[in-house]
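Chains H and D are the protein sequences, given in the same order. Following our numbering from start to finish, the first sequence increments by one per residue and tops out at 202. Following our numbering from start to finish, the second sequence increments by one per residue and tops out at 202. Here a beta-carbon is modelled for each residue, glycine too, at the ideal position from N, C-alpha and C. Here the structure comes first, spelled out in structure tokens, and everything after it is commentary.
Protein chains: 2
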Amino acid sequence: MNHSPQVGRPRRSSQRILEESAAELFLEQTYARTTVDQIAQRAGVSRNTFFNYFGSKSDVLWVDIDETLERLSLELAAASPSVPVMDAVRDAVTRVAAAHPDDRVPWALTHVDLMGTREELEASGLRRLMKQSDVLRDFIGQRVRSADSSLSRAAAFATLAAAAAAAGAWVSAGVGRRALAEYVADAVGPVCAGFAAVIEPG
Amino acid sequence: MNHSPQVGRPRRSSQRILEESAAELFLEQTYARTTVDQIAQRAGVSRNTFFNYFGSKSDVLWVDIDETLERLSLELAAASPSVPVMDAVRDAVTRVAAAHPDDRVPWALTHVDLMGTREELEASGLRRLMKQSDVLRDFIGQRVRSADSSLSRAAAFATLAAAAAAAGAWVSAGVGRRALAEYVADAVGPVCAGFAAVIEPG
DNA sequence: CCGAATTATTGGACGCGGTGTAATAACTAC
DNA sequence: GTAGTTATTACACCGCGTCCAATAATTCGG
């Protein structure tokens, strides 16, 4: 699991360095107006090296989010089979949110206003979220004997969307905010309750 | 409202022509492998003319969707103030879906499999939907005296995401499918019910 | 019939993101 | 020192999207 090689040419840069260089430039020039060249140049590496550490320019904005979201499948797998499916979903999503370090507010969200086109930001953010939709849909569908797979899909989509909205609210709340998990729980709760009433009409 | 000019050079092309040329090429080569140049060339116009009719390459995929989605704000405005908020939301969204012509299955969704990266497609489609989130959020927030605006946002996001999932299911159902509005109602219903229980605990 | 105004189309150039490839640098192990 | 491994680099390329200036095709007013 440890991917730190003792052999071969040592790394000159790192995700952190590039991230910081990018953040500076974004603040100075906004996201839209800074090029990958500039980021790489400030970090002291070539443009191609940037793409060695990030798959795309927008990836810089979401490093923290990605790390946190990877926990979702683990949390789902750890769910007890005895608890109702939508309760398990709500708890898993909430726990993922709780695992996110409170001090690490994703850069992208804190400076939404500074980023020229907000659409591009939303698009890349949604894409991040949708990556998890398959995992969530499979989990729900697995536990539901309903032949109507569209319901699982809808539940997964709606749950993640609510979580995204909660994250947005959390950031907007500013310094005096409560914990992220609370916002997420408040937003995801109604969605899961609504679908639970349909999926498990017990 | 009619912007058809009697003066000036007449149009050589149209959105329909370009759309059809694009559809042919997408089927032959997939979306990812066809360039804007090719679309324009097949339509008998120059590349720049393409951008006269569409803002971007992906816009071609969503013309029908965009037309339908524009109805949302109208439906919301027509809602009676006496009916509970989330009921009004559910009905409005369902009516928008009902207004979509059943024969006009959005090209993008019918051929999801043929389009290289499905992620990009899903994201761009969801983005279209989320353009309406402001309208929906404002509508909900207006009728709710709750100071917690984050709930309105979550409700709007979740509702639209459920609608998107329903649209996907509708397309996947193939030729023997029921009406789009039914899928949407099934998916949006639980979401609205869940939030109604929180927003209007009456 | 002629010019002015209007609108669509066109070509050309540019910037930027992203990909691919082949060369090379920096290091470890033997 | 040589071989193997990995990171970095330069270079070329493609495609999307934008901008701009030129031009074609039409209507309108004289």
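Give the DSSP-derived three-state secondary structure of residue i in the structure shown.
| i | result |
| --- | --- |
| Gln-15(H) | helix |
| Pro-190(H) | helix |
| Arg-47(H) | helix |
| Val-206(D) | Beyond the ends of chain D as shown, which are 1 and 202, falls residue 206(D); an answer cannot be given. |
| Arg-71(D) | helix |
| Asp-148(D) | coil |
| Tyr-31(D) | coil |
| Ala-79(D) | coil |
| Lys-131(H) | coil |
| Ser-56(H) | coil |
| Ala-173(D) | coil |
| Gln-41(H) | helix |
| Arg-178(H) | coil |
| Val-184(H) | helix |
| Gly-168(D) | helix |
| Gly-8(H) | coil |
| Glu-200(D) | coil |
| Met-1(H) | Note that Met-1(H) scores 49 on pLDDT, short of 50, meaning its location in the model is unreliable; the coordinates nonetheless yield the value given after this. Three-state result, Met-1(H): coil. |
Express the C-alpha separation of residue j and residue i in angstroms, rounding to a whole number.
| i | j | result |
| --- | --- | --- |
| Met-1(H) | Gly-8(H) | Its pLDDT being 49, under 50, Met-1(H) is placed unreliably in this model, and the coordinates cannot settle the point. |
| Leu-205(H) | Ser-82(D) | No information on residue 205(H) is available, as it lies outside the stretch 1 to 202 that chain H covers here. |
| Gly-125(H) | Val-63(H) | 11 Å |
| Ala-164(H) | Val-45(D) | 42 Å |
| Leu-208(D) | Asn-48(H) | The structure shown does not extend to residue 208(D), since chain D is modelled only from 1 to 202, so the question has no answer here. |
| Val-144(D) | Ile-199(D) | 7 Å |
| Arg-90(H) | Arg-16(H) | 32 Å |
| Ala-92(D) | Phe-54(H) | 42 Å |
| Ala-23(D) | Arg-95(D) | 28 Å |
| Leu-61(H) | Val-60(D) | 28 Å |
| Ala-98(H) | Thr-34(D) | 44 Å |
| Ser-150(D) | Val-85(D) | 16 Å |
| Trp-170(H) | Arg-12(D) | 51 Å |
| Ile-65(H) | Asn-52(H) | 19 Å |
| Ala-154(H) | Phe-195(H) | 9 Å |
| Ile-140(D) | Lys-131(D) | 16 Å |
| Val-105(H) | Ser-152(D) | 22 Å |
| Leu-18(D) | Phe-50(D) | 7 Å |
| Gln-38(H) | Cys-192(D) | 46 Å |
| Asp-148(H) | Leu-129(D) | 23 Å |
| Phe-26(D) | Glu-67(D) | 22 Å |
| Ser-79(H) | Ala-158(H) | The question names Ser, yet the displayed sequence has Ala at residue 79(H). Each residue's alpha carbon lies about 20 Å from the other. |
| Ala-167(H) | Asp-186(H) | 11 Å |
| Val-184(H) | Ala-40(H) | 36 Å |
| Glu-182(D) | Glu-70(H) | 34 Å |
| Thr-30(H) | Leu-180(D) | 41 Å |
| Ser-172(D) | Arg-178(D) | 11 Å |
| Ala-197(H) | Pro-190(D) | 8 Å |
Please find out if some non-hydrogen atom of the ligand NAP comes closer than 7 Å to the beta-carbon of residue i.
| i | result |
| --- | --- |
| Gln-41(H) | As presented, the structure is devoid of all ligands, the ligand NAP included, so that no description of it is given. |
Just the chain H side, please: which residues come within less than 7 Å of residue i by C-beta, in chain order?
| i | result |
| --- | --- |
| Arg-153(D) | Ala-165, Gly-168, Ala-169 |
| Phe-157(D) | Ala-161, Ala-162, Ala-164, Ala-165 |
| Val-191(D) | Ala-158, Val-191, Gly-194 |
Name, please, each residue of chain H whose Cβ falls closer than 9 Å to the Cβ of residue i.
| i | result |
| --- | --- |
| Asp-186(D) | Asp-148, Ser-150, Leu-151, Ala-154, Val-198 |
Cβ closer than 8 Å: which chain H residues qualify as neighbours of residue i?
| i | result |
| --- | --- |
| Tyr-183(D) | Ser-150 |
Inset, instruction - Would you list, in sequence order, the uninterrupted alpha helix (DSSP H) runs of no fewer than 4 residues that lie entirely inside the segment 81–115 of chain H? - result: Runs found: 85–99, 107–110.
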